[in-house]
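Below: one structure, written as structure tokens.
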């Protein structure tokens, strides 16, 4: 989260963006590899968080064991066979629930809930959440490299239609963004008046 989102407030939560994480797909190749000792290739990890042993249980489920601070941390590798993609999940060593990623802390790996981490969006004000949505829709329509795509002072009403898009589809998507922009600025005005009181002028 950028500093501006928390300006004037003391941060009391820990956020996912402040911690490194390891994704489940990093381990997918291990489903076909021989059992034995391996190491993750990640510069942000120390040796104890890198080195692990690949084993297999009696029922055929593979798992990796990290020895961190002289304690074993077992992470099972489980395929979701119900989907066409066969997505891999890894289990949290603490709650044993299936996760797509685990976060790195000093002496362990753990999921977001067990560590007590929050998403940055959970602390956003309504206008900040709306701003993020507007920017997302702009980028989907005009692209990430479009000039002023993140500039909320520039309204999209005069932005051109992408060459590849039909006019009807373009107007529907653009008009949706215009409606959201109309909701955004009154919310910003209200927040500024709350923050600065009589010192804030809209004109």
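Numbering (this note's numbering), first residue to last: 336 to 538.
Beta carbons are placed, not taken as given, at the ideal position from N, Cα and C, and that holds for glycine.
Note that this is a predicted model, so its numbers are computed, not measured.
What would DSSP say about residue i, mapped onto helix, strand or coil?
| i | result |
| --- | --- |
| residue 375 | coil |
| residue 356 | strand |
| residue 501 | coil |
| residue 396 | coil |
| residue 488 | coil |
| residue 366 | helix |
Over what stretch of residues does the alpha helix (DSSP H) that includes residue i continue unbroken?
| i | result |
| --- | --- |
| residue 450 | 447-450 |
| residue 476 | 461-477 |
| residue 431 | No alpha helix (DSSP H) holds residue 431; DSSP gives it neither H nor E. |
Contact check, residue i vs residue j under 8 Å by CB: the rounded distance?
| i | j | result |
| --- | --- | --- |
| residue 470 | residue 484 | 7 Å |
| residue 518 | residue 465 | 6 Å |
| residue 436 | residue 364 | About 17 Å; that fails the 8 Å criterion. |
| residue 414 | residue 421 | 5 Å |
Do you know offhand how far residue i's Cα is from residue j's?
| i | j | result |
| --- | --- | --- |
| residue 373 | residue 391 | 14 Å |
| residue 510 | residue 524 | 22 Å |
| residue 451 | residue 474 | 32 Å |
| residue 433 | residue 411 | 9 Å |
| residue 409 | residue 468 | 38 Å |
| residue 423 | residue 498 | 39 Å |
| residue 397 | residue 366 | 7 Å |
| residue 447 | residue 481 | 34 Å |
| residue 449 | residue 515 | 36 Å |
| residue 488 | residue 505 | 21 Å |
| residue 371 | residue 453 | 35 Å |
| residue 445 | residue 428 | 6 Å |
| residue 395 | residue 407 | 20 Å |
| residue 438 | residue 369 | 26 Å |
| residue 521 | residue 476 | 24 Å |
| residue 387 | residue 378 | 16 Å |
| residue 500 | residue 507 | 11 Å |
Drop a sphere of 10 angstroms on the beta-carbon of residue i, count the other beta-carbons inside from all chains shown, and report buried for 16 or more, exposed for fewer.
| i | result |
| --- | --- |
| residue 493 | exposed |
| residue 353 | exposed |
| residue 462 | buried |
| residue 359 | buried |
| residue 442 | exposed |
| residue 362 | buried |
| residue 478 | exposed |
Provide the residue span of the beta strand (DSSP E) that contains residue i, from first to last.
| i | result |
| --- | --- |
| residue 413 | 406-414 |
| residue 391 | 386-391 |
| residue 437 | 436-440 |
| residue 423 | 423-426 |
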